[in-house]
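Following: one structure in structure tokens, then a few remarks.
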Amino acid sequence: MDKIKTIMIPFDFTKASRNALEYAVKFVGRLDHIKIVLAYVSGNCNLQLSPDNFENLEKKYAGLLQNKLEWEIQEGKFVDTLLEIKKKDKIDLIIMGTSGDDKLGDNQHTNTAKLVLACNCPVLVVPKSYNEYNLVNIALIIGKEEIDDTKRLGTLLMIARKFNAKVHVLTVENEPVLYGYSKEEEKNESAIEYYLETFYKERAFIKNDDILDGINTYGIKNEIDLVTILPRNHAESGKSSEAELTQRLILNSKIPLLVLE
């Protein structure tokens, strides 16, 4: 992917999806020709739709975007239908809202988590409570494992270029082993320097038994606006599922999360 041309937002008129749309509009900006497709999957909520629901949104954002908002309204299973729309409309990036409510525990699967884990394109998750918009500092979270496909960093580079953002590369040391000196980590460093060019700000290592807590602590201290993760490279030690950290971030992150699939 050379450029982000089309963004899809799963949209059901809830606060979380409206917040994702607000974020996407600011992400695109007035001068960019990126197209936004709102995907409504019927049968997944009790909302009574009327033409005004759609027309009012189109009017609200007409002066803020180069392209008119587009709609995809389909019936079906939530994740399967969105994946079909993604393929048909050649979606480059999905921006999706989440409630960020984890009252039922870390293993609770939200629709957002299910889509992220099933999708093979980048997904940017926006917490419902997030009402700021900055893209000045981005944190890329990597572990000791070699990045399996460095081309996935291309989306991160495009975003850094678009906003002239700086990328902090962070590893949370949650095991009693030596970090930063293995062949795999040296390869990662070379790949990151190559892909991120002058947008690469710093390489940071912090000790914390809880990766999620380490990320949040670093994010607050360094005013991080976007956390980025490559999920296949970030299994938590001792966990059976390599998707666990991704799910925990989706459910608990207070700032937007970019999952590079």
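When we follow our numbering, the leftmost residue of the sequence shown carries the number 873, and every step to the right adds one.
In this text, a Cβ means the ideal position worked out from N, Cα and C, and glycines have one as well.
**Study point:** CA nearest to the CA of residue 949, picked from 1006, 1032, 882
**Key:** Residue numbering aside, residue 949 sits at position 77 when the sequence shown is read from its first letter. Out of 1006, 1032, 882, 882 has the C-alpha closest to the C-alpha of residue 949.
Review point. How would you label residue 964, buried or exposed, when you count the other beta carbons within 10 angstroms and need 16 or more for buried?
Key: Within the sequence shown, numbered from 1, the residue matching residue 964 stands at position 92. Counting Cβ neighbours within 10 Å, residue 964 comes out buried, since at least 16 surround it.
**Study point:** Rounded separation between residue 1118 and residue 931 - CA only
**Key:** Position 246 of the sequence shown, counted from the start, is the residue given in the question as residue 1118. Position 59 of the sequence shown, counted from the start, is the residue given in the question as residue 931. Cα-Cα distance, rounded: 36 Å.
Check your understanding: Less than 9 Å separating the beta-carbons of residue 938 and residue 902?
Key -> Translated into positions along the sequence shown, residue 938 becomes position 66. Translated into positions along the sequence shown, residue 902 becomes position 30. Here residue 938 is near residue 902, since their CB atoms are less than 9 Å apart.
Exercise for review: Could you spell out where the beta strand (DSSP E) holding residue 946 opens and where it closes?
Suggested key: Within the sequence shown, numbered from 1, the residue matching residue 946 stands at position 74. Residues 942-947.
Review point. Hey, residue 1060 and residue 1014 are a contact pair by Cβ (cut 8 Å); roughly how many whole angstroms apart?
Key: Here residue 1060 refers to the residue found at position 188 of the sequence shown. Here residue 1014 refers to the residue found at position 142 of the sequence shown. The beta carbons of residue 1060 and residue 1014 sit about 6 Å from each other, so the pair counts as a contact at 8 Å.
Check your understanding: According to DSSP, what are the bridge partners of residue 1024?
Key -> Position 152 of the sequence shown, counted from the start, is the residue given in the question as residue 1024. Paired residues: none, contrary to the question.
Review point. Out of curiosity, what's the CA-to-CA distance linking residue 953 and residue 1049?
Key: Against the sequence shown, residue 953 aligns to sequence position 81. Against the sequence shown, residue 1049 aligns to sequence position 177. Looking at the backbone, the Cα of residue 953 and that of residue 1049 are separated by about 44 Å.
Point to revise | Pick from 985, 995, 941, 1063 that is closest to residue 1100, judged by C-alpha positions | key: Counting from 1 along the sequence shown, the entry for residue 1100 is found at position 228. Per the Cα distances, 995.
Check your understanding: Between which two residues does the beta strand (DSSP E) containing residue 914 stretch?
Key -> Within the sequence shown, numbered from 1, the residue matching residue 914 stands at position 42. Bounds of the beta strand (DSSP E) holding residue 914 are 907-914.
Check your understanding: Can the beta-carbon of residue 910 be found closer than 9 Å to that of residue 997?
Key -> Position 38 of the sequence shown, counting from 1, holds the residue named residue 910. Position 125 of the sequence shown, counting from 1, holds the residue named residue 997. Contact flag unset, no.
Practice item. Indicate whether the contact test is met: 3 or more Cβ pairs, each with one atom in the stretch 998-1007 and one in the stretch 1041-1048, closer than 8 Å. Key: Taking a cut-off of 8 Å for Cβ pairs, the stretch 998-1007 and the stretch 1041-1048 do not touch, as fewer than three such pairs fall below it.
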